[in-house]
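Working notes for the structure below.
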Amino acid sequence: METVVKKIGNTKITVHSPSGIISKSPVQRQKWFREEWAAGNPVVRSIVDAAFKLQVSEAARNEAQG
Numbered sequence: 044m045e046t047v048v049k050k051i052g053n054t055k056i057t058v059h060s061p062s063g064i065i066s067k068s069p070v071q072r073q074k075w076f077r078e079e080w081a082a083g084n085p086v087v088r089s090i091v092d093a094a095f096k097l098q099v100s101e102a103a104r105n106e107a108q109g
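With the numbering used here, letter number 13 in the sequence shown gets 56, and the count goes up by one each step, no holes.
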């Protein structure tokens, strides 16, 4: 398992990656996500769902601000 710690502003983010995806190139990550999505990986599906919800929420907030 790989672990990466990043600090963004005052926030510390720790990512634990059993698959090692955090050390893959962007092309390798894209391939991995496509393969895992096709295999029905529930973790990948929940990540995509969360990202989609954030995008929709941000779009609604921007629209409300006019």
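Just so you know, even glycine gets a beta-carbon here, dropped at the ideal spot from N, CA and C.
In this structure, DSSP gives S68 a state outside helix and strand, which the three-state scheme calls coil. DSSP places S62 in the coil class of the three-state scheme, outside both helix and strand.
Taking E45 as the centre and dropping the five residues before and after it, the same chain places the C-beta of S60, G63, I65, S66 closer than 7 Å to its C-beta, in chain order.
Bridge partners of V48 according to DSSP: T57. When secondary structure is reduced to three states using DSSP, A94 falls in the helix class.
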